[in-house]
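J.: This is the structure I want to talk about, given as structure tokens.
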Amino acid sequence: MIELNDVSKTFTLHNQGSAVIEVFNDVSFRVAAGECVALTGASGAGKSTLMRMIYGNYLAQNGEIRIGDVDLVQAAPREVIQLRRDVLGYVSQFLRVVPRVSTLDVVAEPLRMVGVAADQAEIRARALLAQLNIPERLWSLSPTTFSGGEQQRVNIARGFAHNYPAMLLDEPTASLDAANREVVLSLIEDAKARGAAIIGIFHDEAARARVCDREIDVACFVPGVAA
Amino acid sequence: MTPLLSVQGLSKRYGAHIGCADVSFDLYPGEVMGIVGESGSGKSTLLNCMAGHLAPDTGQVVFDTRADGPQDTVTMSEPARRMLSRTDWAFVHQHARDGLRMGVSAGGNVGERLMAVGARHYGDIRGKATDWLERVEIDAARVDDRPTTFSGGMQQRLQIARNLVTGPRLVFMDEPTGGLDVSVQARLLDLLRGLVRDMGLSAIIVTHDLAVVRLLADRLMVMKSGHVVEAGLTDQVLDDPQHPYSQLLVSSVLQV
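In the order they appear, the protein sequences are chains A and B.
For any residue, its number in the numbering used here is found by taking its place in the first sequence, counting from 1, and adding 999.
With the numbering used here, the residue at position 205 of the second sequence is 193, and numbering never jumps.
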């Protein structure tokens, strides 16, 4: 489902003496449907960078990043937009929303974008928010004023609203208490069971051991470190 | 899929000075594109050339019309272009006063566009105008008041209602949230996003506010000195800018 071939990435900082930072060389791996793969490595090793490249957020200089039958490195913006709407989900560490929009609408939006009727989308959003223990009295409020953990759970609910065939999870269990962590892990297991290909970053080793089938150490792709 | 708007090699010079040079892109139905850049980079010139307010020196602006398919609006006859700008196109000015008739009531401002496309039944026009005032969160009781009695944010929302009442397919916006305070801005952004999603609008938004494009635009073009220096997916351009000027622009934003 997700396939990377010889992907490399550099950052060129034109305004800081044109410094060139080589981030990755020849990244190649694949993730099959129903498989969950963890990206590991020390802080700053490039786990999030690699994940953002797979989301099309960071440009790769070379190689091929295939999600289904789309190559993100070559794809036009509208193909990427369509891919993100229908196929590729991403749960980031931070919730970014339009002010004033209610939590229910934030969670239902990905479903509305793929053409699910408003009432159906709301039923799903309600179920997810209840499952993630967000108190019902908060559902009509904008999540911008919520606590960090609540925002993260809203973000997860939004990420899991639509059944994406491919998902990227950036620290989905960080800063959650044991009960909510359990809910998130079961959501991931459900997604795997329905055949989603998942790439995740987990600092929580127990969580990683439970849901992940394989680990990929990103350090082996970093030039000058691997050798 | 046919692009809704296809711009090819559009250039405009003001004497020796470059307004915009050799701009090309395709905009597809339902897409929102942002154009950012510093003052004087040619954003508004480009927008005005596309919308038919300025005649470009060279280039094509091909619009997929409902009746006759793709047509070059630059070489189109003036009446045909004016018809387009009353029906399928809308233009939201930075200053609401440029897009409104200040001496006519709010309802009259919205109704005028309807009458321009042939509506004649007073009750229907008034009903639609009232409905649109409510959609842009203006109290329907203000329908007979003149825009001169409205606040800046209300005037901007009235301008949007006036523009969208005829169900356009393409909206040009020049700094739609400029000059408004942040709470009004947030409200307007929320409103615009909802309208874009529910009506399936395509839009081209010129702004210098990167937060606005991140929320509203799918795609982004960065302009400098009349040239497009970088174009791509909005979050890609903002998070991993490639051109020196885009990097400078993104890194100059103050963190709140």
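Note that CB positions come from ideal geometry on N, CA and C, so glycine has one too.
Quantities reported herein were computed from a predicted structural model and do not represent experimental measurements.
Put B/Met(-11) into one of helix, strand or coil per three-state DSSP.
T.: Reduced to three states, the DSSP call for B/Met(-11) is coil.
J.: Count the C-beta pairs between the segment 1085 to 1103 of chain A and the segment 1128 to 1140 of chain A that are closer than 8 Å, then say yes if the count reaches three, no if not.
T.: At 8 Å Cβ cutoff, the stretches touch.
J.: Compute the distance between the beta-carbons of B/Gln48 and B/Gly7, then report whether it is under 9 Å.
T.: No, they are not a contact pair.
J.: Report the three-state DSSP secondary structure of B/Leu42 (helix, strand or coil).
T.: If DSSP states are grouped into helix, strand and coil, B/Leu42 belongs with coil.
J.: Run the CB neighbour count on A/Ala1226, radius 10 Å, all protein chains shown included, and call it buried at 16 or more, exposed below.
T.: Any answer about A/Ala1226 is weak, because its pLDDT of 42 lies below 50 and its placement is not dependable; what the coordinates show is given next. The residue is exposed, with fewer than 16 neighbouring Cβ atoms inside 10 Å.
J.: Can you find at least 3 beta carbon pairs, one from the segment 1010 to 1019 of chain A and one from the segment 180 to 196 of chain B, that sit closer than 8 Å?
T.: Contact fails: fewer than three Cβ-Cβ distances are below 8 Å.
J.: For A/Arg1077, which of B/Met142, B/Leu168, B/Tyr110, B/Met21 has the nearest alpha-carbon?
T.: The shortest C-alpha separation from A/Arg1077 is found at B/Met21.
J.: Find the residues of chain B that neighbour A/His1013, judging by a C-beta separation of less than 7 Å, and give them in chain order.
T.: Those within 7 Å of A/His1013 in chain B are Pro232, Gln235.
J.: Counting C-beta neighbours from all protein chains within 10 Å, is the total for B/Val170 16 or more, i.e. buried, or is it exposed?
T.: It is exposed - the Cβ of B/Val170 has fewer than 16 other Cβ atoms within 10 Å.
J.: Do the segment 1185 to 1193 of chain A and the segment 1111 to 1119 of chain A meet, that is, are 3 or more Cβ pairs less than 8 Å apart?
T.: Short answer: they don't touch.
J.: Could you run through the segment 18 to 37 of chain B and flag, in chain order, every residue whose CB is less than 8 Å away from some CB of chain A?
T.: Result list: Glu19.
J.: By a C-beta neighbour count over all protein chains shown, 10 Å radius and 16 as the cutoff for buried, is A/Arg1152 buried or exposed?
T.: By the neighbour-count rule (16 or more Cβ atoms within 10 Å), A/Arg1152 is buried.
J.: Which residues in the same chain as B/Val216 place their Cβ atom closer than 6 Å to its Cβ, once the five residues preceding and following it in sequence are excluded?
T.: Around B/Val216: Val11, Met209.
J.: Rounding to the nearest angstrom, what Cα-Cα distance links A/Gly1033 and A/Ile1197 in this structure?
T.: Approximately 8 Å between the Cα atoms of the pair.
J.: How many angstroms separate the CA atom of B/Thr222 from the CA atom of B/Arg89?
T.: Distance between the alpha carbons of B/Thr222 and B/Arg89 is about 35 Å.
J.: Kindly confirm or deny that the segment 1055 to 1069 of chain A and the segment 1168 to 1184 of chain A touch, where touching means at least three C-beta pairs closer than 8 Å.
T.: Flag = no, the segment 1055 to 1069 of chain A and the segment 1168 to 1184 of chain A do not touch.
J.: Which same chain residues, not among the five before or five after B/Ser(-1), have their C-beta less than 7 Å away from its C-beta?
T.: Same-chain partners within the cutoff: Cys8, Ala9, Asp10, Pro44, Asp45, Thr46, Gly47.
J.: Can you give the Cα-Cα distance for A/Glu1188 and A/Arg1083, rounded to whole angstroms?
T.: Between A/Glu1188 and A/Arg1083, the C-alpha separation is close to 21 Å.
J.: Going by beta carbon distance, what residues of the same chain come within less than 6 Å of B/Ser(-6), once the five residues before and after it are set aside?
T.: Correct list, in chain order: Asp14, Val50.
J.: Confirm, please, whether the CB-CB distance from B/Arg74 to B/Ala104 is below 9 Å.
T.: In contact: B/Ala104 and B/Arg74 (Cβ atoms closer than 9 Å).
J.: Give a yes or no on whether the minimum CB-CB distance between B/Leu221 and chain A is below 9 Å.
T.: It does; some Cβ of chain A falls within 9 Å.
J.: Excluding sequence positions up to five away, which residues of its chain have a Cβ less than 7 Å from the Cβ of B/Asp132?
T.: Cβ neighbours of B/Asp132 beyond the five flanking positions: Ser93, Gly95.
J.: Find the nearest neighbour of A/Asp1176 within the set A/Arg1157, A/Ile1200, A/Gly1147, A/Tyr1163, judged by alpha-carbon distance.
T.: Minimum Cα distance to A/Asp1176 is reached at A/Gly1147.
J.: Between A/Asp1169 and A/Ser1091, how many whole angstroms is the CB-CB distance? I'm expecting something under 8 Å.
T.: Yes, A/Asp1169 and A/Ser1091 are in contact; Cβ-Cβ is about 5 Å, under 8 Å.
J.: Compare the beta carbon distance of B/Asp228 and B/Leu158 with 9 Å and say whether it is the shorter of the two.
T.: No; because the gap between Cβ atoms is not below 9 Å, this pair is not in contact.
J.: Please check if any C-beta of chain B sits within less than 9 Å of the C-beta of A/Ile1066.
T.: Output row for A/Ile1066: interface = no.
J.: Between the C-alpha atoms of A/Val1106 and A/Asp1005, what's the straight-line distance to the nearest angstrom?
T.: Spanning the two alpha carbons is a distance of roughly 36 Å.
J.: Buried or exposed: where does A/Phe1093 fall if 16 or more other Cβ atoms within 10 Å of its Cβ makes it buried?
T.: With fewer than 16 Cβ atoms within 10 Å of its Cβ, A/Phe1093 is classed as exposed.
J.: Distance, Cα to Cα, A/Val1096 vs A/Cys1035?
T.: Roughly 28 Å separates the two Cα atoms.
J.: Using only alpha-carbon positions, find the residue among B/Ala78, B/Arg202, B/Glu100 that is nearest to B/Ile148.
T.: The residue with the shortest Cα to Cα distance from B/Ile148 is B/Ala78.
J.: State the DSSP-derived secondary structure class of A/Leu1058, mapped to helix, strand or coil.
T.: A/Leu1058: coil per DSSP, three-state reduction.
J.: Drop a sphere of 10 angstroms on the beta-carbon of A/Lys1008, count the other beta-carbons inside from all chains shown, and report buried for 16 or more, exposed for fewer.
T.: Buried: at least 16 other Cβ atoms inside 10 Å.
J.: Measuring CA to CA, which of B/Val238, B/Tyr16, B/Gly28, B/Thr(-10) is closest to B/Arg1?
T.: It is B/Gly28 whose Cα lies nearest to the Cα of B/Arg1.
J.: Determine, using beta carbons only, whether A/Ile1080 comes closer than 9 Å to chain B.
T.: It does; some Cβ of chain B falls within 9 Å.
J.: Following the continuous alpha helix (DSSP H) through A/Tyr1163, name the residue where it begins and the one where it ends.
T.: Note, A/Tyr1163: premise wrong, no alpha helix (DSSP H); not H, not E.
J.: In the DSSP assignment, what are the bridge partners of A/Thr1039?
T.: Answer by DSSP bridge pairing, in chain order: A/Asp1216.
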